[in-house]
Every structure is written in C-alpha cells, then in structure tokens.
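Take a look at the structure set out below.
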Amino acid sequence: MAENGLRFKASDGKGIAYLKVSPASKPRAVVIVGHGMNDHSERFLALADFLASIGLAVYLPDLRGHGDTDPGANRGFLADENGFERVLDDLIELGDFAAKEQGGIPLYYFGHSFGALLGMALCSVYGKYLDGVILSAPPEKPNPLLDFFGGIVVSIGKAMRGAHAPARLPRSMTFGAYAKTVSNARTGSDWISRDQGAVDAYIADPKCNFVCSYSFYDDLVRGLRKVYSDSFLESVPTSLPIYLFCGSKDPVIGMQAGCEKLARNFRDLGLVDFESKCYEGGRHESLNELNRAEVISDIGDWFLRHLA
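Number 325 marks the last residue of the sequence shown (the numbering used here); no jumps.
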C-alpha cells in the first residue's frame, strides 16, 4: 500500500510531494519513478505495487508543475528559471534522500516520456550513483527545422503572453500532431493507448487535463537540446545498465524508427549493458496498453537479472 501525503524539501525550499510503496520485507533496491508531462505519480501505482512485490522500495514524486506538488496556479509551470535543471536536481536530491533512508542499497531510476527525458539527463549527470535506468518512451530528438520554429513560437508566446500563460499553440503542435497519427481516432488522446478504458481515464483525470505553460515548453525545448547534444550523451558511464522500451506506434519517440535510432545512439556510446524493446502496435503509454502485463513482466525480469 502506498504511503500518501509525503513531502521532501528540495534545496530551494520547495516541498515536493511523493508517494512511497514498500515491500513486505527488507528492500533489495530503491527505484525512483519519474512520470511524464501532464501526468502524475498515482498513475504509476500499479507498476510500484508490482516492483514492491519483487522486493523494491519505490518512490514516486509529483514533478514540479504536476500533481500534489503544484495543484494550483503553478500547475504546468516548473520554475522561474532553468526549470528543466531544477526538476533534474529534485530527482537527484530525492535519490540521495531515498538511498540514505533505505541504508545505501542499489538505486535505480524509471522514467516515462518527459520523465524518461529527465532519465537520459540523469544517466549523464548522476549515472555514477545509479545502478540502472529504465527509459519508457522518451521524446525523440526534434529535426532541426521543427526545433528552430518550435523554439521561436515558444519564445514569442512566453514574451507576449507571459511565462505562466497556457501554451495552447505549442500544445497543438505536439499533442495535436500526435493525435493525427491515429486513423479513425475516437478521441484526441487515442495516441496514448489502444485501451479505450485507459484513454477515457486519462481524459477524465483532472491531474492530467491541463495545458502546460509557455515556460514549461521553453524548459522542454532547452532540455531536449541539452540531452541530445553529443557531449552530453558521451558523458554517460559505459558501465551503467540501461533498458529502453516503447511502442512501435508511439509518435512521441518517432514510432519504431525513432526507437531504433535512439537504441543505436545508445549502443554507439559503447554501453556494456544496454537493452531495448519495441512492442508491436503499442502507443505511447506501454504501462497502460493492452499488453501491459507483458510490459510489466519484462520490467520485472530486467530488475531480477540485475539484482541477482
């Protein structure tokens, strides 16, 4: 059962809400779970319960601008400046806190979508302290033209409308474009899963149903540029175990071709323990897909192999 209502104080004084799910006996490892954009920690409790059942202590923060960390006016807003780096620092600080609380046992990170982009950054700046990283459907590297014009749209919108203003045009350029990849879609969110129940639950969830700020999109653009720079990826420790997975019909990572390209990029780094899997027909949220049992089983197998 999850421990609710927990908070830790980040180094800038902000309280970060998190859930904790503990195993019945002494934990074998700690896992930090980073959710996606327009997302929150409670949507990953099924994964956390499973991981606890195989002996892992799971910490699930609500990232800044999301969930119970920012339920009011700051929803969809990360920080006044350097928001991507600030959220990255939150995850590092929570990792240090959790590792200390659990007595220095192995520390892992699981990230989905925006949380996976943060996970890629963690591989570089915090990788020597991690025992492994799982990346679920990170966003692909934007092509130069889209990056250029997208950056201009965000910068102009932020200057004209304000950092906290809902970024409706950038949302249309991202979520709206993803929606168009599904033929005969029932809703504008069908791109997240083939499971209609999962899609309906997402649409009805007030913690998901909001428009992120221009400041958030500015942080996202800068985060993508940073993470996908050659020098940044080259600083990932070659000994760090990494598992990348996605659905072959996930527009966020660029479908199967995007997943395969990112996998090649990781392999080109000379990693000694890298695995990837692309689930045929799957969309963005593999954990909420029709084959979710297979996905979670594969995650469990990966952990058990690395904890053996």
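Positions of the beta carbon are idealized from the N, C-alpha and C atoms, including for glycine.
**Item:** Contact check, residue 257 vs residue 144, beta carbons under 8 Å
**Value:** yes
**Prompt:** Under the rule that 16 or more other beta-carbon atoms within 10 Å means buried, what is residue 21, buried or exposed?
**Reply:** exposed
**Message:** Rounded to the nearest angstrom, what separates residue 300 and residue 187 at their Cα positions?
**Reply:** 21 Å
**Asked** Skipping 5 residues on each side, what residues in its chain have a beta carbon closer than 6 Å to that of residue 158?
**Response** 245
**Request:** Just tell me which of 33, 223, 224, 273 has its CA closest to the CA of residue 114.
**Result:** 33
**Request:** Have a look at 277, 283, 30, 123 and flag the residue whose alpha-carbon is nearest the alpha-carbon of residue 16.
**Result:** The displayed coordinates of the chain run from 18 to 325. Any statement about residue 16 would go beyond what the structure contains.
**Message:** For a minimum of 4 consecutive residues, which ranges assigned as the alpha helix (DSSP H) are wholly contained in the segment 193 to 271?
**Reply:** 213 to 221, 231 to 244, 247 to 250
**Request:** Give the single residue among 41, 287, 181 whose Cα lies nearest to the Cα of residue 67.
**Result:** 41
**Request:** May I ask you to check if the CB of residue 76 is nearer than 7 Å to at least one heavy atom of the ligand NAP?
**Result:** Ligands are entirely absent from the displayed structure, and the ligand NAP is therefore not among its contents.
**Request:** Specify the secondary structure class of residue 91 as computed by DSSP and reduced to three states.
**Result:** coil
**Item:** N-terminal and C-terminal residue of the beta strand (DSSP E) that residue 314 is part of
**Value:** Not the beta strand (DSSP E): residue 314 falls in the alpha helix (DSSP H), residues 309 to 324.
**Prompt:** Can you list, in chain order, the residues of its chain whose CB lies under 8 Å from that of residue 243, leaving out five sequence neighbours each side?
**Reply:** 101, 138, 249
**Where residue 124 sits in the DSSP three-state scheme** = strand
**Message:** Tell me which residue opens and which closes the beta strand (DSSP E) that residue 291 is part of.
**Reply:** 291 to 296
**Asked** Can you give the Cα-Cα distance for residue 221 and residue 215, rounded to whole angstroms?
**Response** 10 Å
**Message:** I'd like to check one pair, residue 269 with residue 219: are the Cβ atoms closer than 8 Å?
**Reply:** no
**Asked** With burial defined as no fewer than 16 other Cβ atoms inside 10 Å of the residue's Cβ, what is the status of residue 213: buried or exposed?
**Response** exposed
**Request:** Tell me the start and end of each unbroken beta strand (DSSP E) in the segment 139 to 187 that is at least 3 residues and wholly inside, in chain order.
**Result:** 149 to 153
**Asked** Assuming residue 154 contacts residue 314 under a Cβ cut-off of 8 Å, what Cβ separation, rounded to an integer in Å, is found between them?
**Response** About 18 Å; that fails the 8 Å criterion.
**Message:** Can you check which of these residues, 189, 130, 171, 81, is closest to residue 27 by C-alpha distance?
**Reply:** 81
**Message:** Taking the beta carbon of residue 278 as the centre, do at least 16 other beta carbons fall within 10 Å, making it buried, or is it exposed?
**Reply:** exposed
**Message:** With H, G and I counted as helix, E and B as strand and the rest as coil, what does DSSP make of residue 134?
**Reply:** helix
**Asked** Which of the three DSSP states, helix, strand or coil, is assigned to residue 23?
**Response** strand
**Prompt:** Any idea if residue 306 is buried or exposed, counting beta-carbon neighbours within 10 angstroms, 16 or more meaning buried?
**Reply:** buried
**Message:** Which residues does DSSP list as the beta-bridge partners of residue 299?
**Reply:** Residue 299 pairs with nothing; no bridge assigned.
**Request:** Give me the Cβ distance between residue 93 and residue 228, rounded to the nearest whole Å; I'm assuming they're in contact under 8 Å.
**Result:** 6 Å
**Message:** Tell me the rounded alpha-carbon separation between residue 271 and residue 294.
**Reply:** 14 Å
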